[in-house]
Amino acid sequence: AQSVTQPDIHITVSEGASLELRCNYSYGATPYLFWYVQSPGQGLQLLLKYFSGDTLVQGIKGFEAEFKRSQSSFNLRKPSVHWSDAAEYFCAVGARSSASKIIFGSGTRLSIRP
Amino acid sequence: EAQVTQNPRYLITVTGKKLTVTCSQNMNHEYMSWYRQDPGLGLRQIYYSMNVEVTDKGDVPEGYKVSRKEKRNFPLILESPSPNQTSLYFCASSLGGRMNTEAFFGQGTRLTVV
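Top to bottom, those sequences are chains A and B.
Using my numbering, the first residue of the first sequence is number 1, and each one after it goes up by one.
Using my numbering, the first residue of the second sequence is number 115, and each one after it goes up by one.
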């Protein structure tokens with residue numbers, strides 16, 4: 001069964017600093033991988049996804065993520081954060097063999113220091 | 115505008131009083147799903163539907179019912195709510211009957227059962 005671990009519950013970075021949010025997954029084959037963002041009081045919005053091909057994936061709002069099979073990781077990065085990036089971020093893994101299953105991590109809350 | 119609409123956004127109810135949370139999407143998506151979000155647990159799937167009249171249990175279906183009589187609507191029914199169902203609920207839909215494409219989320223329903 002697949003699972004997702006986001007080891008950081010809460011991260012605070014200064015505005016303009018770089019950001020990396022960690023995500024590790026467990027799955028027997030190459031999964032589908034996603035990052036979603038949830039702004040306060042809002043639903044989830046897809047930032048980016050990895051299905052196949054280039055392991056460095058570009059998303060919206062200047063985010064990118066790199067799939068590293070050897071480390072079972074899919075970390076999210078941004079070179080320079082803005083105050084509007086303060087939100088909760090969820091990594092998710094989907095099974096290629098199942099049309100129904102996406103497993104979400106427990107989330108990382110990002111705060112931005114002025 | 116493409117969207118998933120949930121109602122109500124906020125609901126306080128008493129133990130045992132039946133309630134329904136509605137979900138409607140205007141994108142002609144085949145796949146719809148309900149999640150609950152609890153602190154430290156991420157999003158957990160309650161039920162999903164791959165098409166009209168086709169529904170199945172997710173990871174935490176106990177105490178919930180769903181129906182899919184029309185493609186656009188996927189209501190969540192709590193026949194006898196209990197305090198442990200106090201949570202933030204999200205409806206989601208995706209194209210092509212596969213959750214492994216981009217999922218569109220509603221804005222959430224915050225339910226409190228007293």
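By construction, the Cβ of each residue, glycine as well, lies at the ideal position given by its N, Cα and C atoms.
For clarity, every value in this text was computed on a predicted model and none was experimentally measured.
_Tell me the DSSP secondary structure of Asn198 of chain B in three-state form._
If DSSP states are grouped into helix, strand and coil, Asn198 of chain B belongs with the helices.
*Pick out whichever of A:Ile9, A:Arg77, A:Lys49 has its Cα sitting closest to the Cα of Leu155 of chain B.*
Comparing Cα-Cα distances from Leu155 of chain B to each of A:Ile9, A:Arg77, A:Lys49, the minimum goes to A:Ile9.
*By Cβ distance, which residues of its chain are closer than 8 Å to Glu15 of chain A, with the 5 residues on each side in sequence left out?*
Residues Val81, His82, Trp83, Ile112, Arg113, Pro114 of the same chain have their beta carbon placed closer than 8 Å to that of Glu15 of chain A, with the five preceding and five following residues left out of the count.
*Are the beta-carbon atoms belonging to Arg123 of chain B and Arg224 of chain B less than 8 Å from one another?*
By the CB criterion at 8 Å, Arg123 of chain B and Arg224 of chain B fall inside the cutoff.
_Chain-order list of residues whose beta-carbon lies under 6 Å from that of Glu193 of chain B (same chain, five-residue window excluded)_ = Same-chain partners within the cutoff: Lys132.
*Who are the near neighbours of Tyr25 of chain A in its chain, counting only those whose CB is closer than 8 Å to its CB and skipping five residues on each side?*
Within the same chain, and ignoring the five residues on either side of Tyr25 of chain A in sequence, the residues whose Cβ sits closer than 8 Å to its Cβ are Gln2, Ser3, Val4, Thr5, Pro31, Leu33, Ser72, Ser73, Phe74, Cys91, Val93.
*Excluding five sequence neighbours on each side, which residues of the same chain lie with their C-beta closer than 6 Å to the C-beta of Val57 of chain A?*
For Val57 of chain A, where only same-chain residues beyond five positions count, the Cβ hits under 6 Å are Leu48, Tyr50, Ala65.
*Does the separation of the CB atoms of Lys119 of chain A and Ser18 of chain A fall below 8 Å?*
For chain A, the structure presents residues 1 to 114; residue 119 of chain A sits outside this window and is missing.
*Return the residues of the stretch 24-40 of chain A that lie within a Cβ-Cβ distance of less than 7 Å from chain B, sorted by chain order.*
Those residues of the stretch 24-40 of chain A that come within reach of chain B (Cβ to Cβ, closer than 7 Å) are Tyr32.
*Note the first and the last residue of the continuous beta strand (DSSP E) segment covering Val37 of chain A.*
32-38 is the span of the beta strand (DSSP E), which, as asked, contains Val37 of chain A.
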